[in-house]
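Chemist: Numbering (UniProt numbering), first residue to last: 1 to 428. Starting off with a structure, shown below.
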Amino acid sequence: MSVLLKNGFVYQTNVFKKADILVEGEQIKAIGNLDFISKDVDEIDLSGKYIVPGLIDVHVHYRDPGLTYKEDVHSGSMAAAHGGFTTVCAMANVDPVPNSLELIKKMMNYNKTAGVVHIKQFAPITEDLTSDKLIDYQAMQEAGVCGFSNDGYGIQKGKTMFDAMRGIRETGLPLAEHVEDDSLKFNGVMNAGQRAGKLGLQGIPGVCESSQLARDLLLAKQTGVHYHVCHVSTKESVAMIRIAKQMGINVTCEVAPHHLLLNEEMITKDDADYKMNPPLRTKEDQEALIEGLKDGTIDLIATDHAPHASFEKQHGMKEGAFGITGSETAFASLYTKFVKSDVFKLSQLINWLTVKPANVYHLSEAGMLKIGDQADLTVFDLNQSFKLGEDDFYSKGKNTPFINQEFYGKTILTMVSGKIVYHAEGEN
């Protein structure tokens, strides 16, 4: 099948130019003024719309297998497509945890058959995510995993992390770490500080993250592993990563949209939609994250899409589950908050969601729009405002404070390997 995308503004080499894109089969065949094409094609007029490389999210939770009442591969990947993502990396905190080659291959095969976007799969760092027993990293790498992560759990013992780093270094893949010292969590449910005190809630101090990060950066220096920090949330963490990069340590990191958009002062009542791990931090932490992105300390943005069933969020911070859904609100919320106010350039936001994650995770087939590449692309309307109500979500999880907020940057069309997997209702 051939599709001609007409009259859009196409993003290439950090600029937008009005152009057409011809897609044949799974590939981009031509980009430019294509009025001369006369053969039979399906033509879509995208006048006034913006065509960008398919977004990449290197941190999602699809709960499949074992927890599919929260999310499954199909609903999660549809949510990704709805948000403009064409490639995602799924975490391994499922049931059963894919400790073995048999289980990881089964998950990867299912990702291909049930998903509508490209789904890369993480393997765990240790068996069942919380043990100190290492898995067979080389076998997992040969099976095609994108990296290793125990996300949801910090590795508590330094020797376990040291041994894991030495093993994962040999694969050349990233070790993506959830940095959290359990002994400093204090059964907290939000950031430790005055806001937690006013709400009568137990707090999680920032040092719970930054102290373990300090340990890991030194171990990464010793081992040479590619150490990737998940969902950075504190100003101390940003400062340490900046210094580590200056020292030549092989470290990259990500920040989640909610940590850029929100801070603890915005939690005005006991509302579990604001409960996430790591928690929303101070305004100073939020500002440090924004500055870290702008100066290159933070490499990319990843959603940490963490859907939960509604009953798991109904009983306030103390009883509610940690996590916020993010796939369907990420681009629009960031564009509205930061690009329209000139804090970020549009090209920066696109690169943090395309080129940078592709480079960090060695996704050579993603992140750009080039003739001959697979046709993974997204079309956004940047000019008309819209709202996402609960009924508009494709994810099973509606656990976000962004429902019914006004945004710009609506996803009009998402194409994966030449196939339209999402097309907004009422659009040409």
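Every residue, glycine too, gets a C-beta built ideally from N, C-alpha and C. These numbers were taken from a predicted model, which means no experiment stands behind them.
#1: Thinking C-alpha only, which one of L173, K269, T325 is nearest G316?
#2: Residues in its own chain within less than 6 Å of H228 by CB, not counting five upstream and five downstream?
#3: Note down the Cα distance separating residue 431 from P279, rounded to an integer number of angstroms.
#4: What does the alpha-carbon distance come out to for the pair Y239 and K245?
#5: In the DSSP assignment, find the unbroken alpha helix (DSSP H) run with E319 in it and report its ends.
#6: So what's F402 in DSSP terms, helix, strand or just coil?
#7: Does the segment 88–98 come within contact of the segment 33–41, defined as at least 3 CB pairs closer than 8 Å?
#8: Going residue by residue through the segment 358–422, where are the continuous alpha helix (DSSP H) segments of at least 4 residues, counting only ones entirely within it?
#9: Return the residue from the list G147, E170, S183 that minimises the CA-CA distance to I155.
#10: Determine the DSSP secondary structure at K29, reduced to helix, strand or coil.
#11: Would you give the residue range spanned by the alpha helix (DSSP H) that V179 belongs to?
#12: Which residue comes first and which comes last in the beta strand (DSSP E) that contains L55?
#13: Using only alpha-carbon positions, find the residue among G203, K313, H178, L219 that is nearest to F186.
#14: Candidates E24, N14, I56, L4: which alpha carbon is nearest N33's?
#15: Could you check the C-alpha separation between K275 and G320 for me, to the nearest Å?
#16: When the Cα atoms are used, what is the spatial distance from D128 to L300?
#17: Among T414, Y153, Q121, G66, which residue has its Cα nearest to the Cα of residue 430?
#18: The beta strand (DSSP E) spanning S2 covers which residue range?
#19: If you draw a straight line from the C-alpha of Y335 to the C-alpha of F162, how long is it?
#20: Let me check one thing: in DSSP terms, what residues is C146 bridge-paired to?
#21: Can you tell which of N250, L388, A214, V339 has its C-alpha closest to the C-alpha of L260?
#22: Tell me which residues share the same chain as R63 and place their Cβ nearer than 6 Å to its Cβ, disregarding the 5 neighbours each side in the sequence.
#23: Measure the alpha-carbon distance for P257 versus K157 and round it to whole angstroms.
#24: For A92, which of helix, strand or coil comes out of DSSP?
#25: So does the segment 353–368 actually touch the segment 46–58, counting three or more Cβ pairs closer than 8 Å?
#26: Round the Cβ separation of Y165 and A220 to the nearest angstrom and send it over; I've been treating them as touching at under 8 Å.
#27: By how many angstroms is the C-alpha of L201 removed from the C-alpha of L293?
#28: I'd like the span of the beta strand (DSSP E) that includes C253, first residue to last.
#29: On the three-state DSSP scale, how would you describe Y335?
#30: With 16 other CB atoms within 10 Å as the buried threshold, where does T411 fall?
#31: Short of 7 Å in beta carbon distance, which residues of its chain neighbour A288, apart from the five on each side in sequence? Order them along the chain.
#32: Roughly how many angstroms lie between the CA atoms of V179 and A92, to the nearest whole one?
#33: On the DSSP bridge list, what partners appear for L134?
#34: If you run the structure through DSSP and keep just helix, strand and coil, what is Y50?
#35: Tell me whether H226 sits in a helix, a strand or coil according to DSSP, three-state version.
#36: Please classify N150: is it buried, with 16 or more other beta-carbons within 10 angstroms of its beta-carbon, or exposed?
Modeler: The short version:
#1: K269
#2: Excluding positions up to five away in sequence, the list reads P174, A176, T252.
#3: Nothing in the structure corresponds to residue 431, since the chain is present only between 1 and 428.
#4: One point to set straight first is that residue 239 is Ala, not Tyr, in the sequence displayed. Distance between the alpha carbons of A239 and K245: 10 Å.
#5: E319 -> alpha helix (DSSP H) spans 316–319.
#6: It is coil, neither helix nor strand.
#7: Flag = no, the segment 88–98 and the segment 33–41 do not touch.
#8: For secondary structure counted as the alpha helix (DSSP H) over 4 or more consecutive residues, the segment 358–422 holds no complete run.
#9: S183
#10: strand
#11: No alpha helix (DSSP H) holds V179; DSSP gives it neither H nor E.
#12: It spans 55–60 - the beta strand (DSSP E) in which L55 sits, taken as one unbroken run.
#13: Minimum Cα distance to F186 is reached at G203.
#14: L4
#15: 7 Å
#16: 28 Å
#17: What is shown of the chain runs 1 to 428, which leaves residue 430 out entirely.
#18: 2–12
#19: 39 Å
#20: Looking at the DSSP assignment, C146 forms no beta bridge with any residue, so it has no partner.
#21: Looking at N250, L388, A214, V339, the one whose alpha-carbon comes closest to that of L260 is V339.
#22: K70, E71
#23: 30 Å
#24: coil
#25: yes
#26: Sequence check: residue 165 is Met here, not Tyr. Right, their Cβ atoms sit about 6 Å apart.
#27: 31 Å
#28: 251–255
#29: helix
#30: buried
#31: K235, V238
#32: 16 Å
#33: Here L134 is bridged, per DSSP, to T126.
#34: strand
#35: Secondary structure of H226 (DSSP, three-state): coil.
#36: It is buried - the Cβ of N150 has at least 16 other Cβ atoms within 10 Å.
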